[in-house]
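Residue numbers (the numbering used here), protein chains in the order written: chain A, 4 to 297; chain B, 4 to 297; chain C, 4 to 297; chain D, 4 to 297; chain E, 4 to 297; chain F, 4 to 297. Where a beta carbon is used, it is the ideal one built from N, C-alpha and C, also for glycine. Bear in mind the structure is a predicted one, so any value in this text is a computation, not a measurement.
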């Protein structure tokens with residue numbers, strides 16, 4: 004990936020095929036993905052989450068990418084979540100349609116398949132081998148939280164407005180927020196509060212609860228900080244960075260004993276990497292290490 | 004549930020049979036349960052936890068209740084925990100009595116049965132289908148923590164005094180604190196500190212650690228805030244709210260993958276609810292939605 | 004364990020055999036272990052972690068010890084982590100050596116065995132039946148975090164400098180940090196940030212994130228506070244304290260239901276202890292309880 | 004429990020209150036429970052499973068009972084399962100009734116509560132502290148399999164006719180068969196075959212697959228063999244027998260490492276029993292041991 | 004799906020696009036998939052497992068299919084497993100190639116990605132919502148066992164020759180056999196024996212160990228029996244059959260308590276199906292039920 | 004390891020230090036361990052299980068050993084289990100001694116430590132990297148079952164007499180039988196039967212239940228068959244064989260999804276082995292492969 008001027012990044016050709024996401028490279032080995040439907044406040048409909056999934060699968064295997072920044076296009080929203088108008092033609096409504104299946108068990112199957120696919124698409128952000136830094140700004144409701152929870156590091160602009168909004172449309176959030184948010188922060192009381200009430204919380208509160216790591220004064224500053232963080236990660240051994248992401252994600256869902264065993268087996272291969280002597284030597288010599296593609 | 008004046012709530016007839024708990028309805032679909040033994044600082048003896056269990060089982064299935072507030076009667080204590088005097092005639096002592104079983108294996112069986120029942124009674128607060136908002140004030144020691152950990156949202160009055168007191172009476176807390184507190188807050192070092200030392204901590208510290216979500220200046224303000232939160236939750240779709248509670252409790256104890264799968268199956272039925280179009284429409288029309296009983 | 008003057012503690016004879024660790028008793032039933040290689044900033048090589056394991060196994064079974072303080076000798080470092088020079092002759096390098104095994108599968112076996120032993124040695128701090136209070140000061144990088152995560156309570160001196168340093172030497176931390184740190188603090192975003200970037204964080208940040216419970220102004224003050232905490236724990240029933248540690252460690256890795264069941268079985272024996280009436284009586288009589296050795 | 008003549012057992016007074024189950028004591032410390040609705044082929048309706056649950060809870064705590072035999076009254080059936088006629092007035096139908104809830108999400112809640120209670124009642128057989136020997140004979144369809152899977156040892160009469168019948172009434176078995184049968188036998192292909200097809204299988208096949216341990220030539224012989232087995236178990240240390248049942252049930256659902264840890268904690272109390280020297284001594288002296296009540 | 008003469012089934016048009024698999028419909032709602040590379044003894048190369056995955060995903064969602072039969076084309080083999088010649092150009096060799104990555108950590112990543120995709124493709128047989136009956140005949144080595152373990156019911160022809168062959172080519176089987184075979188049969192000693200030794204076992208031994216449910220005298224008889232079983236399953240309520248498959252697969256990997264809970268939530272929707280009264284009524288009236296598509 | 008005549012194997016020098024076990028090498032890369040206290044029917048006391056643990060740890064890392072056979076010395080017993088006379092001076096009795104701890108909680112700690120060490124020693128047979136073939140003959144009671152369950156493949160002589168004997172001495176088996184036996188065989192009813200009753204079962208029954216894989220007519224034939232099996236395993240790639248053992252042991256305790264993931268990571272290193280081309284080539288050339296030490 005050729006480094007490009009950070010003031011005016013060019014679209015990355017390999018990612019030009021995605022119509023709802025703009026992908027640029029603001030720094031070496033860093034990809035910046037923007038949810039790109041600003042006129043609709045970056046709200047999602049089905050084609051978008053299918054595309055999101057393919058995009059992150061490509062990033063995951065792209066040897067020219069070592070870290071990813073994710074933000075929304077435009078000044079107003081990271082994303083407002085589901086495009087309610089589009090959703091009104093989807094399976095949520097079909098399941099209850101008078102012309103629909105009519106049988107609750109058959110409707111449940113259709114809904115399960117819909118949810119399964121939707122969950123899997125959003126989880127692509129988490130499955131991405133490379134660390135993802137989310138720069139959250141403006142309106143970040145509903146699906147915004149599902150997606151942000153899949154990122155590895157979360158930064159917020161001061162104007163960010165968060166809400167686990169699903170209860171307000173009559174449903175329990177099912178694309179990942181209820182599964183991941185309790186494991187992103189420490190306070191169970193706070194998680195229950197915001198998930199049960201659907202109330203809005205701001206960047207300061209998100210920081211105090213540990214949902215985001217830093218708050219920046221504006222969207223521009225937030226994206227710049229995210230790019231800076233991603234650049235730092237991209238300068239490290241990709242074997243070490245990607246292994247660390249994998250082991251931390253595994254640790255979240257396993258006991259310490261299981262995690263130690265998995266780490267041991269993982270590093271049985273990873274420690275044979277040339278990156279170890281390269282990193283050690285450059286550390287001693289105070290030089291910049293160069294790591295092979297991964 | 005008929006709405007009643009919040010300034011002077013009347014006892015709910017269906018709950019008048021409980022002698023140690025006063026249940027009123029300060030707002031539509033909200034039940035307020037007070038631990039009602041103020042002369043003994045709301046300390047517990049066996050008949051009380053048996054009653055607590057039956058009370059919350061009834062609330063769990065009562066279609067007129069959509070959210071619950073839990074506090075202590077009187078100004079001095081949420082509860083001081085176990086009534087030590089009463090406990091001195093219970094199985095804790097019998098197990099060691101010279102006239103008791105005499106066989107440590109047989110004493111262990113008696114103790115396991117005692118603990119099992121006690122745990123199950125207190126867990127009724129967590130099993131309750133409806134969200135429970137605890138308003139913690141005054142002395143909140145020992146069993147107070149076990150109970151508060153079963154609530155969904157925890158608020159505190161400024162005068163609240165917390166302690167995981169059990170180590171001071173020679174035992175490891177066994178009614179839930181050691182199982183749930185580590186999953187209510189983020190700092191393992193703090194959990195170990197307060198559980199191993201039995202030291203008292205105040206409302207400010209509880210807030211800083213995320214054990215409670217808010218601190219109010221007095222018991223009255225704390226109960227009022229809890230009622231307000233409960234009222235907000237009670238105004239939402241009960242299908243959405245109760246599903247959210249269930250899925251969050253499930254998420255606490257499962258991997259993300261397990262949680263996503265469970266959510267998918269849960270919502271296969273829940274998304275067929277009429278609450279979804281009701282909530283969507285009222286959101287668009289800016290009207291107050293009306294949800295069927297659940 | 005005879006109490007000794009806290010101003011000038013004497014080495015404990017039973018622990019004089021360890022060459023890299025100095026063990027004293029600053030207070031009754033309290034052992035203070037110092038990582039004792041100050042000229043090398045307490046950096047570790049293989050003989051040291053083997054000794055660490057034996058030392059904590061001995062403390063675990065020593066009836067004269069009820070709480071442990073762990074710090075580094077000297078003013079500059081808790082520990083800087085792995086002694087890189089020594090490591091350069093170890094299996095990390097052998098695995099890649101031109102004269103080494105040559106077969107990646109065989110090299111992986113050697114590495115797994117190395118990691119397995121290393122993990123097990125450091126985990127001895129966690130396995131120790133007695134609570135361990137870590138007093139972290141100065142440089143605390145790499146292995147310092149692995150070890151500190153095994154302690155029960157963590158205090159820091161204001162000069163402490165923390166780093167999950169492994170990524171900077173080309174590897175994912177594999178001696179416990181990635182397995183335990185996510186369970187020591189609440190913010191997943193912060194954990195990913197510090198583990199992926201290897202950046203240094205200070206005592207204030209460690210406190211804000213809940214990694215440590217208190218920050219003291221100096222190493223001396225930090226060690227004194229750790230001794231004070233350990234003394235408090237050592238004054239309690241050892242049956243209660245050690246049971247609490249065991250149940251909390253179990254709870255971290257199990258569901259609430261599993262934890263409650265385990266607690267019930269554990270206390271089936273523990274509640275038969277004479278410590279319970281001893282603690283109850285001394286509480287009522289305001290006397291200092293005396294507990295039998297454990 | 005007074006021993007009674009095995010040729011003509013008398014009803015046990017403490018269990019006379021149960022109207023659908025006849026409980027006798029064919030041997031010392033052995034209770035024999037018969038499903039007692041022979042005119043309806045021992046088919047179940049709701050009052051029966053509620054009673055089953057209370058009955059086994061009482062047996063579980065009854066110090067005069069050390070082993071239980073479970074069979075059906077009459078010659079024709081262990082049980083034919085659900086009483087379909089009675090079920091047609093139950094929640095299965097109400098959920099779809101035109102006058103019923105009407106909302107699939109609300110109907111799902113009613114069904115979940117119904118299933119939860121039903122499952123819990125049948126699981127009482129498994130929760131019973133004392134080992135249960137099922138003597139299966141005649142028709143044993145549907146619920147018969149759910150119940151038999153909860154027993155510890157299964158014997159069959161040659162005339163037994165088994166079927167996981169639920170698929171034939173349009174549903175997946177939900178009272179335990181699908182959860183427990185795969186853990187009662189080894190062949191997954193056979194489990195899928197009989198559960199997916201609802202085909203009948205006989206005692207010989209049940210034996211070959213390991214679902215039952217023995218086949219006897221008649222119901223009478225089967226019950227006699229079950230009583231004999233139960234008598235043998237009742238002659239052993241109840242601490243040892245009940246501990247073995249508990250640990251085996253725990254082992255089914257846990258890893259070997261978890262099971263070993265649980266066993267260790269369990270036996271920390273159980274090995275202090277006087278039953279150990281009593282059993283050891285009577286073994287050496289070739290005398291019949293006498294164990295205290297448990 | 005139009006029923007076709009079982010003596011001469013026609014290829015199903017919707018599945019004509021798959022080049023390595025021939026799909027016909029020998030009975031109503033039954034699809035018969037043949038691994039169709041008989042000249043190479045149905046050995047697999049990469050394009051084949053990718054196609055297998057797409058084929059079973061289509062079957063899973065095809066409302067005209069309610070049960071699937073899987074066999075090999077030709078008389079000689081179900082499949083001989085991996086096409087070793089083709090594999091010699093694949094990642095197994097590339098990882099060690101002198102022109103290959105050269106870095107064991109990078110080679111490990113390539114291998115993990117290869118295995119991950121391969122595992123996922125074969126698991127499509129297990130993920131298929133519809134029950135799959137495997138008719139195993141002739142040579143069934145290596146990958147044949149991985150695939151057969153994903154089927155629900157396994158039948159064998161008398162000439163079937165099985166082998167977990169991977170050890171003989173220097174590797175531990177990694178496409179599912181070692182993960183699933185221990186859960187398909189009861190004897191751990193037998194599983195270790197055949198997996199560690201790679202020895203061949205015949206249909207009689209497979210039957211005795213419970214790996215297959217029936218042995219038929221020839222391939223033709225085996226396929227006919229598989230079609231007959233599949234036809235029986237296809238005649239039942241698809242809600243009931245597919246729910247049973249799902250719950251049994253879930254049960255394999257969960258505790259009984261987890262499985263009961265999942266079943267309860269699943270049936271909260273499924274029991275609302277019209278299939279329940281349809282099946283009940285046709286059972287009472289002795290008529291053939293007709294179930295809506297699913 | 005030099006091959007030695009199978010008719011008169013010589014003790015292996017590296018294992019001559021073990022006083023209760025005789026280790027010989029009846030075939031290349033095969034070690035034969037005999038429990039060597041025939042005058043006491045190979046019954047165990049504490050020094051023996053400590054030695055067993057060290058012995059199998061050495062075998063596990065010995066590059067000259069690729070498979071292990073385990074039997075008892077002499078004709079009468081594999082082992083009769085615990086030496087009851089020796090045990091009467093151990094912690095089982097001390098815990099109840101009038102001069103002993105006196106406090107049930109403190110006695111429980113002593114017992115837990117005793118059991119923990121004992122379990123860990125016996126588990127060394129399972130932890131051994133190399134496959135272990137148990138040749139069980141004569142009396143095989145109590146501890147014999149705990150040990151046999153840790154082996155990978157179990158063969159029996161026709162004269163073998165098995166019993167899970169512990170209930171007869173008043174305790175639930177706690178050294179592994181109750182944890183592992185349910186995962187060695189398929190029939191839960193049979194496991195409960197033999198564990199609850201302590202009844203003796205013979206080799207034929209052990210074979211029918213799948214506890215052993217083969218029955219040979221005599222001890223000599225059984226040991227010879229075990230050596231033959233071990234020799235076969237020792238002739239294969241040690242990377243493949245040891246990986247297969249590890250993955251199968253992991254699979255026993257994990258879900259299929261977890262097992263597939265672990266296998267993928269494991270083989271990321273293992274597939275890079277030179278053993279793969281060596282095995283492939285020798286398979287094609289029909290030559291005997293030669294594998295490097297591991």
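Minimum C-alpha distance to residue i - residue among the options
i                      : options                    : result
residue 61 of chain E  : E:21, E:84, E:90, E:87     : E:21
residue 215 of chain C : B:275, B:233, B:190        : B:190
residue 111 of chain C : F:178, F:254, F:250, F:273 : F:273
residue 51 of chain D  : D:163, D:89, D:238, D:227  : D:89
Reduced DSSP secondary structure (H/G/I, E/B, other) of residue i
i                      : result
residue 203 of chain C : coil
residue 38 of chain F  : strand
residue 59 of chain A  : helix
residue 192 of chain A : helix
residue 135 of chain D : strand
Contact check, residue i vs residue j, beta carbons under 9 Å
i                      : j                      : result
residue 145 of chain E : residue 129 of chain E : no
residue 280 of chain A : residue 173 of chain C : yes
residue 282 of chain F : residue 74 of chain F  : no
residue 24 of chain F  : residue 38 of chain F  : yes
residue 259 of chain B : residue 63 of chain A  : no
residue 268 of chain C : residue 268 of chain D : yes
Sequence-distant residues of its chain with Cβ nearer than 7 Å to residue i (five each side left out)
i                      : result
residue 218 of chain E : 159, 161, 206, 207, 210
residue 232 of chain D : 136, 156
residue 66 of chain F  : 296, 297
Close Cβ partners of residue i (< 8 Å) along its chain, the five nearest in sequence each way excluded
i                      : result
residue 248 of chain A : 132, 133, 134, 155
residue 102 of chain D : With a pLDDT of 48 at residue 102 of chain D, under the threshold of 50, the modelled position of that residue is not reliable, and the figure given next carries that caveat. None.
residue 198 of chain B : 167, 170, 176, 180, 181, 184
Where residue i meets chain G, residues with beta-carbon distance less than 7 Å
i                      : result
residue 271 of chain F : In the displayed structure, chain G is absent; the protein chains listed are A, B, C, D, E and F.
Residues in the segment 208-241 of chain E having any Cβ partner in chain A nearer than 7 Å: Among the residues of the segment 208-241 of chain E, none has a Cβ less than 7 Å away from any Cβ of chain A.
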